[in-house]
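Have a look at the structure below before the remarks.
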Amino acid sequence: MSKETSVKVFEEVDNLSSFFGTIIMDKIRKKNDNEYLSIALSGGSTPKLIFRFLTENFKEKINWSRILVFWGDERCVPPDDKESNYKMACDYLLNHVGIPPDNIFRVFGESNPNDEAKRYSQIVKSKLPSNNGIPVFDIVLLGLGDDGHTASIFPDNLSLFNTEKFFEVASHPQTNQNRITACGTIINFAKTIVFIATGTAKAEVISTILNKQGNWKKYPASYVSPKNGDLIWLLDKNAASVYIDTSE
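As structure tokens, then:
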């Protein structure tokens with residue numbers, strides 16, 4: 000692993016969630032008064048737990064009005080669809096912590112996918128500072144699938160880590176459902192990338208990726224490698240169980 004990578008293991012998801020909340024607090028404190036903190040959110044079961052925890056425990060601790068909210072990926076569904084990452088974030092976090100609506104930039108999952116990938120790329124580019132023409136998020140929150148996918152970059156479309164585009168259309172390999180996903184370039188230019196993973200189902204994949212062993216190169220998450228930023232893995236003890244065994 001590179002020197003920018005850190006792995007932190009927690010007994011419970013609540014401890015993991017609290018640590019993530021502290022990351023947000025600390026980064027806002029380091030901003031000037033007129034600056035915003037930009038975060039690209041993730042969907043999935045673990046982020047849902049984290050969002051609920053932040054609502055219950057960090058509502059008053061974080062100055063939510065200083066945050067700009069984006070998404071690292073979104074299913075091509077309407078915003079009120081139960082599969083919408085935007086809806087999940089609203090239900091468990093955004094509707095409860097007082098983020099101004101003008102600070103929330105959702106992916107229009109109901110629009111034509113190719114048109115939306117272009118539109119969202121332009122929105123992100125217009126709202127964020129850039130490095131060599133590439134928008135720079137302060138924090139990109141990423142989940143991890145059992146197949147090693149992250150955002151909506153699946154093992155059969157690793158080319159999305161090599162494209163110069165910021166957001167692109169991807170499809171789920173089993174359902175063929177279209178997604179809009181951040182591509183490797185914009186992910187890896189973030190100042191801080193936070194992977195979150197829980198549960199034993201992902202333990203083998205996590206160990207393979209972190210140890211760069213065996214078939215690690217087939218997993219999209221293996222290609223998350225910040226150009227100038229930090230990479231932090233936040234794992235519960237179950238997700239880290241195999242990695243810990245191989246590290247001792």
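In this text, residue positions in the sequence shown follow numbering that gives the first Met the number 0: the first is 0, and each later residue adds one.
Where a beta carbon is used, it is the ideal one built from N, C-alpha and C, also for glycine.
Nearest-angstrom Cα distance between residue i and residue j?
i, j, result
"Ser-240", "Glu-10", "11 Å"
"Asp-146", "Phe-153", "8 Å"
"Met-24", "Gln-176", "36 Å"
"Phe-18", "Leu-48", "13 Å"
"Asn-187", "Lys-86", "26 Å"
"Arg-51", "His-95", "10 Å"
"Leu-157", "Leu-36", "29 Å"
"Val-6", "Leu-234", "8 Å"
"Lys-2", "Asp-229", "At Lys-2, the pLDDT of 45 sits below 50, so the modelled position is not reliable; the number obtained from the coordinates is stated separately. About 9 Å."
"Asn-237", "Asp-80", "31 Å"
"Phe-69", "Lys-211", "30 Å"
"Lys-226", "Asp-32", "27 Å"
"Glu-82", "Leu-141", "17 Å"
"Thr-174", "His-148", "15 Å"
"Ser-110", "Ala-189", "26 Å"
"Gly-20", "Phe-57", "7 Å"
"Met-0", "Asn-131", "With a pLDDT of 42 at Met-0, under the threshold of 50, the modelled position of this residue cannot be trusted; read the value that follows with caution. In a straight line, the C-alpha of Met-0 is about 25 Å away from that of Asn-131."
"Ser-224", "Pro-77", "32 Å"
"Thr-197", "Leu-209", "15 Å"
"Glu-59", "Arg-28", "14 Å"
"Glu-55", "Trp-215", "37 Å"
"Ser-44", "Lys-30", "30 Å"
"Ser-170", "Thr-162", "16 Å"
Going by the DSSP bridge assignment, what does residue i pair with across the sheet?
i, result
"Ser-5", "Ile-231"
"Ile-192", "Val-139, Leu-230"
"Ser-170", "Asn-177"
"Leu-67", "Ser-37"
"Pro-73", "The question names Pro, but residue 73 in the sequence shown is Glu. Bridge partners of Glu-73: Ile-179."
Verify whether the separation of the beta carbon atoms of residue i and residue j is less than 8 Å.
i, j, result
"Ser-151", "Asp-72", "yes"
"Lys-26", "Ile-138", "yes"
"Asn-102", "Ile-66", "yes"
"Val-168", "Ile-179", "yes"
"Leu-53", "Leu-92", "yes"
"Ser-64", "Ile-38", "no"
"Leu-143", "Ala-88", "no"
"Pro-112", "Val-123", "no"
"Phe-107", "Glu-115", "yes"
"Val-8", "Ile-195", "no"
Leaving aside the five residues before and after residue i along the sequence, list all residues of the same chain whose C-beta is less than 6 Å from its C-beta, in chain order.
i, result
"Phe-160", "Gly-183, Tyr-222"
"Ile-231", "Ser-5, Val-193"
"Ala-200", "Asp-145"
"Ser-16", "Ile-49, Phe-52"
"Ser-41", "Gly-71, Leu-140, Leu-141, Gly-142"
"Ser-120", "Phe-165, Phe-166"
"Cys-75", "Gly-108, Pro-112, Asn-177"
"Glu-247", "Residue confidence for Glu-247 is low, a pLDDT of 47 falling below 50, so the modelled location carries little weight; the figure read from the coordinates is stated next. The answer is none, since no qualifying residue turns up."
What does a CB cutoff of less than 8 Å around residue i pick up in its chain, not counting 5 residues either side in sequence?
i, result
"Gly-213", "Thr-207"
"Glu-203", "Val-241"
Spatial neighbours of residue i within its chain, please: CB distance less than 7 Å, with the 5 preceding and 5 following residues excluded, ordered by chain position.
i, result
"Pro-172", "Phe-153, Asp-155"
"Asn-14", "none"
At least one CB of chain D closer than 8 Å to the CB of residue i: is that the case?
i, result
"Phe-18", "This model lacks chain D altogether, as it is built from one protein chain only."
Legend entry - Ranges of the beta strand (DSSP E) found wholly within the segment 78 to 165, counting only runs of at least 3: 138 to 141
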